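**Student:** First residue of the sequence shown? That's 212 in the numbering used here, and the numbers climb one at a time after it. There's a structure below that I have some questions on.
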Amino acid sequence: MRIRRIAILIDGGFFHKRLPKLVEPHFCDTPAATADSARHLCKRHVLRLTNLEADGVWLDYVYRLFYYDAQPFQGVVVQW
């Protein structure tokens, strides 16, 4: 059986704005707590997508967890 690989892209600005509405304050008050919350949310998402019940194998389905935080592009695109 082929394992389905999942990539998750986290928009840092949106994540930091939304996280306090999803979890209690002590789960997002330090960088370590925020990282743990992100990992927990990714794990829950992968388990839901794969219909898994075992916690230990969820990373077998993860291709990569991408995190980015950048300002929206304000420039002009020039095509060559």
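Built from N, CA and C at the ideal position, the CB exists for glycine as well. Note that the coordinates shown come from a computational prediction; the quantities given were computed from them, not determined experimentally.
(1) Return the CA-CA distance between Val234 and Leu276, expressed in angstroms with no decimal places.
(2) Using 8 Å for Cβ pairs, my map puts Ile221 next to Val257. What's the rounded Cβ distance?
(3) Apart from the five residues just before and just after Gly224, which ones in its own chain have a Cβ nearer than 7 Å to its Cβ?
(4) When the Cα atoms are used, what is the spatial distance from Arg215 to Val268?
(5) Between the beta-carbon of Ala246 and the beta-carbon of Phe238, is there less than 8 Å?
(6) Closest by CA to Arg213, which one among Pro242, Thr261 and Pro231?
(7) Let me check one thing: in DSSP terms, what residues is Phe277 bridge-paired to?
**Tutor:** In terms of the structure at hand:
(1) Taking the first residue of the sequence shown as position 1, residue 234 is located at position 23. Taking the first residue of the sequence shown as position 1, residue 276 is located at position 65. Roughly 20 Å separates the two Cα atoms.
(2) Stepping through the sequence shown from its first residue, residue 221 is reached at position 10. Stepping through the sequence shown from its first residue, residue 257 is reached at position 46. Not a contact, Cβ separation roughly 13 Å.
(3) Here residue 224 corresponds to residue number 13 of the sequence shown, with the count starting at 1. For Gly224, where only same-chain residues beyond five positions count, the Cβ hits under 7 Å are Asp280.
(4) Your numbering for residue 215 matches position 4 in the sequence shown. Your numbering for residue 268 matches position 57 in the sequence shown. Roughly 12 Å between the two C-alpha positions.
(5) Taking the first residue of the sequence shown as position 1, residue 246 is located at position 35. Taking the first residue of the sequence shown as position 1, residue 238 is located at position 27. Going by C-beta atoms, Ala246 is not nearer than 8 Å to Phe238.
(6) Here the question's residue 213 lines up with position 2 in the sequence shown. When C-alpha distances from Arg213 are compared across Pro242, Thr261 and Pro231, the shortest belongs to Thr261.
(7) Along the sequence shown, one-based indexing puts residue 277 at 66. Answer by DSSP bridge pairing, in chain order: Leu220.
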